[in-house]
Amino acid sequence: MPRIQVLPPGLVNQIAAGEVVERPASVVKELLENALDAGARSVQVDLEEGGLSLVRVADDGGGMGPEDAALCLERHATSKLRDAAGLAAIATMGFRGEALPAIASVSRLRLDTCAGGEGPVPGTRMVVEGGRVVERVEVARARGTTVEVRDLFFNTPARRKFMRAAATEAGHASEAVLRLALSRGDVAFTLRSAGRAVLSSAAGAALRDRAGTALGREASRHLVEVDGTRGEVRVRGLVSSPDHSEATSRAVYLFVNGRYVRDRGAAHALLRAFAGSLPTGRHPAAVLFIDLPPGRVDVNVHPQKLEVRFADARSVYDAVVHVVSDALRTAPWLRHAAAGVAERGPPAPLAAEDVAGVLAQARALGPAPGAPPGSEPGPGVMAFPRAGVAAPEVPPASGYFGSLRYVGQHARTYLICEGPGGSLVVLDQHASHERLQFHRLRRGFDARQPPLQPFLIPQVVSLPPGPARALEAHLNEVARLGISVEPFGGESFAVKGAPAALGGADLGTLLSDLAQQLEQLERGSAVDEALDDLLATMACHSAVRANEEMTTEEARALLDALDGVDFKARCPHGRPIVFELPLADLERRVGRR
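One rule links them: number in our numbering = place in the sequence shown (from 1) + 148.
Next up, the structure:
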């Protein structure tokens with residue numbers, strides 16, 4: 149007897165079922181995808197015991213004739229793929245021809261279908277138990293298909309015992325329906341579980357309405373529309389503004405050519421687009437669609453088609469980052485971050501001369517260490533005028549922050565202002581200045597023109613061995629940030645120049661922080677993300693501190709400059725910088741209402 153044997157068809161189907169049918173939700177997903185590929189415009193799903201005792205999916209799609217009804221239960225029998233060329237440009241939800249026979253091999257399945265046509269046309273019923281056809285008869289049915297799957301895993305008890313409680317399985321099945329409802333707004337979906345309506349979505353419902361069902365009421369109040377194209381990749385959908393975040397990535401729904409996927413690269417790109425606007429460890433909510441030519445994405449890399457492979461993953465990554473970040477920069481989401489902020493269009497970016505004029509009012513943090521006497525800050529530097537020196541008058545900015553009436557400083561940390569309608573507005577002076585500095589540093593970095601101010605006398609900084617090695621290995625990256633550093637023997641470095649905005653900063657501490665972050669870069673962190681972190685560190689070191697006095701002129705200059713900044717309600721580390729208390733709420737607090 150040979151040791152190698154060909155497995156019997158029934159066992160082969162059960163093995164395939166183990167890959168395709170993980171739980172009742174897998175059955176729901178596969179049957180719904182078949183219904184959508186058949187052109188259905190209305191689909192009803194019924195569950196009993198979370199789908200373990202019954203999954204029923206009924207659609208009004210194209211249906212099948214008697215011959216096709218029999219063939220669809222054969223392995224690798226499909227109407228969606230004809231040759232190898234078609235495999236390179238899949239445009240349907242299903243194509244393998246595995247799902248239906250795999251499901252039938254581990255359940256008691258009944259299929260009723262009718263292709264319709266001129267005059268009354270009988271339908272076909274196929275009854276299958278454990279992969280074996282036990283009945284084939286004609287039935288009366290309107291055009292479309294109904295598939296009933298009963299007693300899932302009845303003949304594979306080892307699989308059955310790994311199923312969760314009915315409520316848990318029903319939740320997974322509901323999620324499967326919801327994902328498809330998000331991607332197909334032209335189709336009506338209805339889900340009933342144990343006879344109770346769980347989900348209902350009418351055909352033509354707006355994406356924002358369906359997204360509200362998926363993301364929850366709170367997230368739906370903060371959604372920003374996204375739609376842009378970069379190269380051959382289009383990115384569209386909805387993302388939450390930075391004033392809302394989630395503890396996990398569970399509220400991120402990614403679709404590639406209408407197919408829900410789990411793609412780490414695209415998910416990381418989405419998170420990257422929020423860099424500097426969300427607190428560490430927090431995640432956005434999103435329903436995001438990535439569309440590109442079918443030939444540029446391989447969907448045949450996962451049995452359940454939950455993963456894809458891009459021909460050019462970098463172009464997809466860049467498209468998601470740029471389109472989402474551009475939408476966030478231009479969306480007027482500040483009105484959500486501070487209750488009562490009047491809705492207004494996004495402020496126009498300041499021209500270079502306007503930036504210089506506004507920032508010229510700011511506070512002189514003093515010339516950089518070693519700079520010659522009388523050195524002036526470089527153009528565009530956030531340098532406040534010295535205390536007691538009046539700043540030149542400039543017209544107030546037209547944006548939200550420019551419209552605030554400055555009242556005073558509290559605890560030498562917070563700027564107190566009067567906002568629209570008499571509201572009380574409180575700004576964190578360090579966080580707001582940090583955002584302003586980060587915006588300027590990032591713009592200089594992107595333009596490859598970091599504002600470098602050379603030092604007359606270099607400043608020598610010594611570092612621990614690990615950070616010193618990392619800094620020496622990444623001197624080019626540090627130079628791109630606008631800091632001129634050269635080895636000075638051992639673990640010492642000579643700082644020969646730095647952005648003028650860093651004047652007054654402790655360069656030793658700053659360089660130590662940068663070196664420690666460069667160690668992370670060596671350990672595999674994304675370069676762009678690491679550089680953003682470096683810029684945020686530089687902004688933090690150069691910003692006005694808490695417990696530091698600010699004059700009226702200094703505070704006014706900061707407020708006016710903030711309207712020309714992106715993500716103006718968050719510091720580069722994601723902390724909120726502004727809080728607003730409407731006058732009505734304030735009056736209630738003191739008993740006037």
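Glycine included, C-beta positions come from ideal geometry on N, C-alpha and C. Please read all numbers here as calculations on a predicted model, not as lab measurements.
| Check | Outcome |
| --- | --- |
| Buried versus exposed call for P540 [16 or more other C-beta atoms within 10 Å across all chains shown] | For P540, the predicted model reports a pLDDT of 32, less than 50, meaning its position is unreliable and no value from the coordinates is stated. |
| Same chain, Cβ closer than 8 Å to V713, neighbours up to 5 away in sequence not counted | R583, L584, H587 |
| Distance, V464 Cα to G379 Cα | 9 Å |
| Selected residue, minimal CA-CA separation from S580, among F727, L339, P612 | F727 |
| S388 versus R410, L418, G406, residue with shortest Cα-Cα distance | L418 |
| Buried versus exposed, by CB contacts within 10 Å (16 or more), R635 | Note on identity: in this sequence residue 635 is Pro, with Arg being the wrong assignment. The residue is exposed, with fewer than 16 neighbouring Cβ atoms inside 10 Å. |
| Same chain, Cβ closer than 6 Å to S341, five either side skipped, listed in chain order | L195, A318 |
| Straight-line gap, I725 to A694 (C-alpha atoms, nearest Å) | 13 Å |
| Touch test, the region 409–416 against the region 460–475, Cβ-Cβ under 8 Å, three pairs minimum | yes |
| Proximity test, F337 beta-carbon vs the ligand GTP heavy atom, cut-off 7 Å | Summarising the ligand content, the structure contains no ligands, and the ligand GTP is consequently not present. |
| Opposing strand residues paired with S348 [DSSP bridges] | T338 |
| Rounded separation between L328 and L402 - CA only | 11 Å |
| Simplified DSSP assignment, three categories, for G194 | The sequence shown places Asp at residue 194, rather than the Gly named in the question. Strand at D194. |
| Element boundaries [beta strand (DSSP E), containing F727] | 726–729 |
| 8 Å Cβ cutoff met for E373 and L363 | no |
| Touching by the beta-carbon criterion (3+ pairs, under 8 Å), the region 644–664 and the region 607–619 | yes |
| Proximity winner among R407, E277, R284, relative to G271 (alpha-carbon distances) | R284 |
| Candidates R344, Y554, A559: closest to G570 by CA position | Y554 |
| Contiguous alpha helix (DSSP H) assignments of at least 4 residues, all confined to the region 274–303 | none |
| R358 vs S349 beta-carbon contact at 8 Å | yes |
| Alpha-carbon to alpha-carbon, V193 and G264 | 22 Å |
| Supposed close pair G424, G722 - CB separation, criterion 8 Å | 7 Å |
| Proximity below 8 Å, CB of M274 to CB of R171 | no |
| Helix, strand or coil at R741 [DSSP, three-state] | coil |
| Cutoff 6 Å; reference P520; Cβ partners in own chain excluding five residues on either side | For P520, the predicted model reports a pLDDT of 35, less than 50, meaning its position is unreliable; a value from the coordinates is still stated below. Hits under 6 Å: L604. |
| Limits of the unbroken beta strand (DSSP E) element including A642 | 640–647 |
| For F458, the three-state DSSP class (helix, strand or coil) | strand |
| Rounded straight-line distance, which links the Cα of R430 to that of V633 | 34 Å |
| Residues sharing a beta bridge with S388, DSSP | L371 |
| Proximity of L259 and A217 at Cβ, strictly below 8 Å | yes |
| Inter-residue spacing [alpha-carbon to alpha-carbon] between F593 and L440 | 30 Å |
| Host beta strand (DSSP E) of G360 (start-end) | Taken as a continuous stretch (DSSP letters only), G360 belongs to no beta strand (DSSP E), being part of the alpha helix (DSSP H) at 355–363. |
| Rounded C-alpha distance that separates S368 from A313 | 30 Å |
| R591 - containing alpha helix (DSSP H), residue span | 577–594 |
| DSSP three-state assignment for D681, whether helix, strand or coil | helix |
| 6 Å Cβ shell around R256 - same chain, five flanking residues per side excluded | E277, R298, D299 |
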